[in-house]
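Have a look at the structure below before the remarks.
2 protein chains.
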Amino acid sequence: MLDPQLIDVIGTAGAALTTLCWLPQALKVIRERDARALSLPATLAFTLGIVLWLVYGVAIGDWPLIGSNALTLAPLGVILAMKLRYG
Amino acid sequence: MLDPQLIDVIGTAGAALTTLCWLPQALKVIRERDARALSLPATLAFTLGIVLWLVYGVAIGDWPLIGSNALTLAPLGVILAMKLRYG
């Protein structure tokens, strides 16, 4: 069995990576003005999903859920806007 | 305040969308053999993050976490492989 503290570190690292990874994607799309390989249905579905996760986090008062989903929405909104603009 | 059943529906819908959205992205990359707009650091970080979420889910025995992250890994593995192959 894994140490409970190690389990927390693993969960926190997973949350940090799946939250922060959208920053390099947003920066790449801004820099290169190319979003052709991004799927619009996938980007729309992911963005709506993150909004629902945020609403869920607010509803149950869970701050890690609120924080990580709010942080994800910022670069994701940029990616979606660039996809709509540059196709 | 929101009804507890509605809160569950919102959370489940968020989980379903953020899990299933990778399927259209994987299909698009396979079909078009173009992954240029995808950020390699972002894709690597997201994949590693999902693996850590999966390990966390197994460690705490949480089936929704295990199921949704395992389901995410399949199309994500395809996306990462296509990115490495087609650039």
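Residue numbers (our numbering), protein chains in the order written: chain C, 1256 to 1342; chain R, 1256 to 1342. Ideal Cβ placement from N, Cα and C applies to all residues, glycine included.
Counted within 10 angstroms of its Cβ, other Cβ atoms place residue i as buried (16 or more) or exposed
i, result
"Gly1342 (chain R)", "exposed"
"Met1256 (chain R)", "exposed"
"Trp1277 (chain C)", "buried"
"Gly1345 (chain C)", "Summary: the structure shown does not reach residue 1345 (chain C), with chain C confined to residues 1256 through 1342, and so no result is reported for it."
"Gln1260 (chain R)", "exposed"
Residue from the options with nearest C-alpha to residue i
i, options, result
"Arg1291 (chain C)", "R:Val1284, R:Leu1261, R:Val1333, R:Ala1329", "R:Val1284"
"Gly1332 (chain R)", "R:Asp1289, R:Leu1303, R:Val1264", "R:Leu1303"
"Ala1329 (chain C)", "C:Leu1261, C:Leu1309, C:Arg1340", "C:Leu1309"
"Arg1340 (chain R)", "R:Gly1266, R:Leu1295, R:Gln1260", "R:Leu1295"
"Arg1286 (chain C)", "R:Asp1263, R:Val1306, R:Leu1293", "R:Leu1293"
"Asp1258 (chain C)", "R:Tyr1311, R:Ala1268, R:Ala1325, R:Lys1338", "R:Tyr1311"
"Leu1299 (chain C)", "R:Pro1279, R:Ala1297, R:Leu1326, R:Ala1300", "R:Pro1279"
"Asn1324 (chain R)", "R:Thr1274, R:Ile1262, R:Thr1267, R:Ala1268", "R:Thr1274"
"Lys1338 (chain R)", "R:Trp1318, R:Pro1319, R:Gly1269, R:Ala1297", "R:Ala1297"
"Ile1305 (chain R)", "C:Ile1262, C:Asp1263, C:Gly1269", "C:Gly1269"
"Asp1263 (chain R)", "R:Leu1282, R:Asp1289, R:Pro1319", "R:Pro1319"
Residue i (DSSP reduced to helix, strand or coil)
i, result
"Met1337 (chain C)", "helix"
"Ser1323 (chain C)", "helix"
"Arg1286 (chain R)", "helix"
"Asp1348 (chain C)", "The first residue shown for chain C is 1256 and the last is 1342, placing residue 1348 (chain C) beyond what the model contains."
"Gly1312 (chain R)", "helix"
"Leu1328 (chain C)", "helix"
"Leu1295 (chain C)", "helix"
"Leu1257 (chain C)", "coil"
"Gly1304 (chain R)", "helix"
"Gly1342 (chain C)", "coil"
Distance between beta carbons of residue j and residue i, contact taken as under 8 Å
i, j, result
"Pro1272 (chain R)", "Leu1307 (chain C)", "In the sequence under discussion, the amino acid at residue 1272 (chain R) is Leu, which differs from the Pro named in the question. Sure, about 7 Å apart at Cβ, within 8 Å."
"Ile1321 (chain C)", "Ala1314 (chain R)", "Incorrect: roughly 23 Å between the Cβ atoms, too far for contact."
Query raised in the report: Of all the residues that make up the region 1296-1316 of chain C, which are near chain R by a beta-carbon distance shorter than 7 Å?
Result: Residues Pro1296, Ala1297, Ala1300, Phe1301, Leu1303, Gly1304, Ile1305, Leu1307, Trp1308, Val1310, Tyr1311, Ala1314, Ile1315.
Report task. Using a Cβ-Cβ cut-off of less than 9 Å, list which residues of the region 1274-1285 of chain R approach chain C; keep chain order. Result -> Close to chain C, meaning a Cβ-Cβ distance shorter than 9 Å, are the following residues of the region 1274-1285 of chain R: Thr1274, Leu1275, Cys1276, Trp1277, Leu1278, Pro1279, Gln1280, Ala1281, Leu1282, Lys1283, Val1284.
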